[in-house]
Amino acid sequence: MSSVKVEVASQKHIKYVNEILKTIEDATKVRGTGIAKRKPEYIEQKINEGKAIIAMDGDKFVGFCYIECWDHGKFVANSGLIVKDDYRGQGIAKRIKRMAFELSREKFPDAKIFGLTTGAAVMKINTELGYVPVTFSDLTTDPTFWKGCESCINYDILCRNDCTRCLCTGMLYDPAKHPEAQRKKVVVAYSGGLDTSFTIMYLTQEMGYDVYAACANTGGFSPQQLKENEERAYKLGAKKYVTLDVTGEYYEKSIKYMVYGNVLRNGTYPISVSSERIFQALAVARYAKEIGAQAIAHGSTGAGNDQVRFDMTFLVAAPDMEIITLTRDMNLSRKEEVDYLNKHGFKADFTKLKYSYNVGLWGTSICGGEILDSKQGLPESAYLKQVTKKGSEQIALEFKAGVLVGVNGEKFDDGVKAVQKVEEIAAPYGVGRDMHVGDTIVGIKGRVGFEAAAPMLIIAAHKFLEKFTLSKWQQYWKDQVANWYGMFLHESQYLEPVMRDIEAMLESSQRNVNGTVTMELRPYGFSTVGVDSPDDLVKNKLGEYGEGAKGWTSEDAKGFIKVSSTPLRAYYLTHPDEGEELEK
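Numbering of the sequence shown is given in my numbering, commencing with residue 79 and proceeding in unit increments.
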């Protein structure tokens with residue numbers, strides 16, 4: 079049934095636990111044999127551990143299965159396979175069983191997978207997956223597993239035979255007897271582009287790897303693009319494709335601190351690509367470890383920054399895995415890669431565009447075209463987001479402890495959605511566009527265009543608010559460490575321990591950064607208007623700049639000025655000749 083989706087169960091499925099247990103109980107009565115009884119907490123645990131498969135028809139529960147480990151991971155069982163009565167006969171049990179089997183192979187690649195069944199349909203599915211009938215002596219000896227059979231009406235038969243035989247048939251999949259299943263696993267950090275597409279096919283066709291394509295999304299892919307990535311990955315030969323959504327993690331662990339620090343590289347660039355690459359690499363490394371991969375691959379060339387960011391992160395986060403970089407090591411041209419894909423039956427439009435774009439939550443970078451000529455700037459047509467708004471409008475950004483929590487009166491608990499809201503309002507004005515020139519990690523100069531309406535507006539508003547709410551020296555020292563923070567992000571040093579220390583300092587500095595900043599937007603620009611803050615230091619009882627003093631007298635002022643001038647007076651009294659030079 080095409081409307082039924084089979085997937086790894088997650089926290090959103092916890093609400094179906096009681097229905098799952100009721101379906102298992104009803105199925106047991108119909109079969110006349112038992113499925114081990116489990117408490118709700120046990121099923122919840124399996125779901126939270128990512129060891130369960132669920133079938134859903136929209137919001138309607140359809141079927142379920144979960145993974146259990148025995149003998150310290152030597153054996154794995156796919157237990158509790160059930161399908162609701164009105165969905166039987168549609169191949170859903172087979173889909174659930176197959177996905178549970180694949181999940182078991184990913185999580186426990188060396189474990190023997192077994193099951194007990196009296197059903198011909200399950201036996202057929204198991205046989206197709208490579209299971210063979212075995213005696214109970216070939217299965218786990220863990221007494222906890224056999225105790226789970228207590229709910230079966232045939233349990234007394236099992237006990238009378240000391241757990242050596244019963245009415246069920248034991249079936250076992252032994253990975254050691256399936257050499258084809260021992261192919262090495264490699265996770266490809268997949269973007270959908272030419273280099274990583276070539277990497278998937280080459281690793282599959284020429285190097286004999288089982289390729290797992292992992293697209294780490296930091297807010298730059300639309301649902302349609304992710305769907306196209308998945309379809310393309312499977313056509314290229316990937317054994318499995320996954321989208322790793324780390325947008326929230328990227329915001330909480332990087333963007334938030336870049337806002338605290340008003341981080342702009344060389345005072346210009348909001349470090350869009352530099353910062354997100356680390357979190358993409360970390361997500362890919364986590365996934366590779368989760369499935370027991372032997373290698374990780376990416377499509378970076380040997381001339382840019384990304385090779386450093388990916389390699390360095392993998393070396394730290396997955397130190398025992400091989401790093402494969404075909405694009406860098408084989409030094410192939412685009413034409414050679416396209417020709418290879420075409421030769422192996424994969425056709426796609428990899429036409430070399432004038433510009434290349436990297437789209438993310440924290441801005442879009444633009445490379446190619448006029449950027450390669452230092453004398454030229456980018457034409458209007460180079461920008462993905464065109465100017466569609468005219469005139470001007472005001473936008474109000476509310477901050478609490480330095481965090482953006484409101485836009486034009488609308489409250490946000492999710493920082494990602496707050497950033498997206500600002501982008502939605504400001505991008506049609508064409509604000510946040512600029513050209514960045516800087517030093518790459520590998521030592522050459524680099525030039526990149528960018529459009530980052532939300533980042534530039536949020537940072538400007540936040541910095542403006544800080545001028546009202548922080549002390550002089552808070553601002554000064556925060557600027558110093560924030561500059562280092564941004565530099566370390568760019569230089570692929572996010573994992574350097576000092577970064578956590580800097581983050582602690584930045585977060586501490588934000589305790590009084592509260593209030594609403596009003597900005598005025600217009601085509602290609604914006605300006606600050608005003609601040610409304612309960613922590614406004616401009617509003618104080620001691621004095622009003624340029625108007626009058628309430629906290630000191632004129633004599634106090636004279637004394638302060640005289641004392642403050644002491645170092646200068648002492649110097650020029652000691653060096654009168656230099657003083658005479660000043661008078662000329």
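Glycine residues also receive a C-beta, built at the ideal position from the N, C-alpha and C atoms.
Less than 8 Å separating the beta-carbons of residue 354 and residue 440? For the purposes of this step, residue 354 is taken as residue 276 along the sequence shown, with counting starting at 1. For the purposes of this step, residue 440 is taken as residue 362 along the sequence shown, with counting starting at 1. Contact: yes.
With a CB to CB cut of under 6 Å and the five nearest residues on each side skipped, what residues in its chain are close to residue 623? For the purposes of this step, residue 623 is taken as the residue at position 545 of the sequence shown. Excluding sequence neighbours, residue 623 sits near nothing in its chain.
Can you have a look at residue 654 and say buried or exposed, based on whether 16 or more other CB atoms are within 10 angstroms of its CB? Counting from one through the sequence shown, the residue named residue 654 turns up at place 576. Exposed, by the Cβ-count rule.
The alpha helix (DSSP H) spanning residue 333 covers which residue range? Mapped onto the sequence shown, residue 333 falls at position 255. No alpha helix (DSSP H) holds residue 333; DSSP gives it neither H nor E.
Residue 561 in three-state terms, based on DSSP: Position 483 of the sequence shown, counting from 1, holds the residue named residue 561. It is helical.
Pick from 590, 368, 268: whose alpha carbon is nearest that of residue 316? Walking along the sequence shown from the start, residue 316 turns up at place 238. Comparing Cα-Cα distances from residue 316 to each of 590, 368, 268, the minimum goes to 268.
Other residues of its chain near residue 212: CB distance less than 6 Å, five sequence neighbours each side excluded: To locate residue 212, count along the sequence shown from 1; it is residue 134. Cβ neighbours of residue 212 beyond the five flanking positions: 248, 250.
What does the alpha-carbon distance come out to for the pair residue 437 and residue 328? Residue mapping note: residue 437 aligns to position 359 of the sequence shown, counting from 1. Residue mapping note: residue 328 aligns to position 250 of the sequence shown, counting from 1. Near 14 Å, if we compare the C-alpha coordinates of residue 328 and residue 437.
Taking residue 100 as the reference, which of 582, 292, 116, 512 has the closest Cα? Locating residue 100 in the sequence shown gives position 22, counting from the first residue. Comparing Cα positions, the closest option is 116.
Need the endpoints of the beta strand (DSSP E) that residue 285 sits in, please. Looking up residue 285 in the sequence shown gives position 207. Neither: residue 285 is in no beta strand (DSSP E) and is coded neither H nor E.
Express the C-alpha separation of residue 205 and residue 399 in angstroms, rounding to a whole number. One-based indexing of the sequence shown puts residue 399 at position 321. One-based indexing of the sequence shown puts residue 205 at position 127. Taking the straight line from one Cα to the other gives about 33 Å.
Range covered by the alpha helix (DSSP H) that runs through residue 246: Along the sequence shown, read from residue 1 onward, the residue named residue 246 stands at position 168. Here residue 246 belongs to no alpha helix (DSSP H), and DSSP marks it neither H nor E.
Residue from 291, 272, 518 whose Cα sits closest to the Cα of residue 349: The count along the sequence shown starts at 1 and reaches residue 349 at position 271. Considering only alpha carbons, the answer is 518.
Residue 443 and residue 528 closer than 8 Å at C-beta: By one-based count along the sequence shown, residue 443 stands at place 365. By one-based count along the sequence shown, residue 528 stands at place 450. Yes, they are a contact pair.
Please return the same chain residues whose Cβ sits closer than 6 Å to the Cβ of residue 375, not counting the five positions on each side in sequence. Looking up residue 375 in the sequence shown gives position 297. Taken in chain order, the residues that qualify are 264, 266, 277, 402.
In the DSSP assignment, find the unbroken beta strand (DSSP E) run with residue 484 in it and report its ends. On the sequence shown, residue 484 is found 406 positions in, with the first residue counted as 1. Its beta strand (DSSP E) spans residues 481-485.
Determine the contact status of residue 135 and residue 215, defining contact as a CB-CB distance below 8 Å. The sequence position of residue 135 within the sequence shown is 57, counting from 1. The sequence position of residue 215 within the sequence shown is 137, counting from 1. It is not a contact, given that the beta carbons lie outside the stated cut-off.
Residues of its chain near residue 512, where Cβ-Cβ distance is below 7 Å and the 5 sequence neighbours each way are ignored: As a working note, residue 512 is residue 434 in the sequence shown. Closer than 7 Å at Cβ, skipping near neighbours: 346, 528.
So if DSSP puts residue 148 in a beta bridge, which residue, or which two residues, is it bridged to? One-based indexing of the sequence shown puts residue 148 at position 70. Answer is 153, bridged to residue 148.
Tell whether a beta-carbon distance below 8 Å holds between residue 124 and residue 139. Counted from its first residue, the sequence shown places residue 124 at position 46. Counted from its first residue, the sequence shown places residue 139 at position 61. Cβ atoms of residue 124 and residue 139: not closer than 8 Å.
In chain order, which beta strand (DSSP E) runs of at least 3 residues are fully inside the segment 184-255? 190-195, 210-212, 247-251
What's the gap between the Cα of residue 381 and the Cα of residue 193? Reading the sequence shown from its first residue, position 303 is the one you call residue 381. Reading the sequence shown from its first residue, position 115 is the one you call residue 193. In a straight line, the C-alpha of residue 381 is about 52 Å away from that of residue 193.
Taking all protein chains shown into account, do 16 or more other C-beta atoms lie within 10 angstroms of the C-beta of residue 570, making it buried, or fewer, making it exposed? Here residue 570 corresponds to residue number 492 of the sequence shown, with the count starting at 1. It is buried - the Cβ of residue 570 has at least 16 other Cβ atoms within 10 Å.
Please list the segments of the alpha helix (DSSP H) lying wholly inside the segment 95-130, counting only runs of 4 or more residues, in order along the chain. 95-109, 118-126
Cβ separation of residue 507 and residue 601, assumed to be a contact under 8 Å, to the nearest whole Å: Translated into positions along the sequence shown, residue 507 becomes position 429. Translated into positions along the sequence shown, residue 601 becomes position 523. Cβ atoms of residue 507 and residue 601 come within 8 Å of each other, at about 5 Å.
Cutoff 6 Å; reference residue 199; Cβ partners in own chain excluding five residues on either side: Working through the sequence shown from its first residue, we reach residue 199 at position 121. Once the five neighbours on either side are set aside, residue 199 has no close Cβ partner at all.
In three-state DSSP terms, what is residue 422? For the purposes of this step, residue 422 is identified with residue 344 of the sequence shown, where counting begins at 1. Residue 422 falls in the coil class under three-state DSSP.
Taking just the CA atoms, how far does residue 604 sit from residue 486? One-based indexing of the sequence shown puts residue 486 at position 408. One-based indexing of the sequence shown puts residue 604 at position 526. Taking the straight line joining both Cα atoms gives about 16 Å.
Would you call the CB atoms of residue 295 and residue 321 closer than 8 Å? Walking along the sequence shown from the start, residue 295 turns up at place 217. Walking along the sequence shown from the start, residue 321 turns up at place 243. Against a cut-off of 8 Å, the Cβ pair of residue 321 and residue 295 comes out as a contact.
Alpha-carbon spacing of residue 270 relative to residue 302, whole angstroms: As a working note, residue 270 is residue 192 in the sequence shown. As a working note, residue 302 is residue 224 in the sequence shown. Approximately 12 Å between the Cα atoms of the pair.
If you reduce the DSSP assignment to three classes, tell me which class residue 80 lands in. Along the sequence shown, read from residue 1 onward, the residue named residue 80 stands at position 2. Caution is warranted here: a pLDDT of 48 is assigned to residue 80, below 50, making its placement in the model unreliable, and no coordinate value can be reported.
Just list the beta strand (DSSP E) runs in the segment 286-320, keeping only unbroken ones of 3 residues or longer that don't cross its boundaries, in chain order. 288-295
Mind checking which residues open and close the alpha helix (DSSP H) that includes residue 402? Here residue 402 refers to the residue found at position 324 when the sequence shown is read from its first residue. Counting along the chain, residue 402 falls outside any alpha helix (DSSP H), though it belongs to the beta strand (DSSP E) covering 400-402.
Would you mind reading off the limits of the beta strand (DSSP E) that contains residue 472? Taking the first residue of the sequence shown as position 1, residue 472 is located at position 394. From DSSP, the beta strand (DSSP E) with residue 472 extends over 471-478.
In chain order, which alpha helix (DSSP H) runs of at least 4 residues are fully inside the segment 597-656? 632-642, 644-652
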